[in-house]
Amino acid sequence: MVEHVDNQRDWVVTKSIWHLSDTAIKSFCETSVCASCTDDPFYDSEYYRGQGGDGTVHWYYDRQEDIEATARGDLLREELLEEIEQRVGGLRELEDAGMEGELEEAK
């Protein structure tokens, strides 16, 4: 194929089209991308594994969810204790008021 551009020499251009099958593309991607990621010293280090790492990123989110669930449980427990203390305090006030009323009636 010859391409012509005004005021310049003609260039001989050879064009070829390569067709790769899905299997060939998959194999290429696996070898070029995945093979370079298999031996990462960070994921094998004690720093990563010591925090609960299992080689995926999901462990971090699972760990965060566990921490948040524990914090929510603690907060709920504190709120329930405060509510119980308020109700018990209110009942004691009613009992004290009732006893005072009985004492006044007895006089």
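Just add 67 to wherever you are in the sequence shown, counting from 1, and you've got my numbering.
Even glycine gets a Cβ: it sits at the ideal position worked out from N, Cα and C.
- Going by DSSP, residue 96 is part of the alpha helix (DSSP H) stretching over 89–96.
- Between the alpha carbons of residue 125 and residue 91 lies a distance of about 30 Å.
- In this model, residue 153 and residue 147 are separated by some 10 Å (Cα to Cα).
- Straight through space, the alpha carbons of residue 109 and residue 118 are spaced by roughly 12 Å.
- Annotation: residue 164 to residue 156 spans about 12 Å, alpha carbon to alpha carbon.
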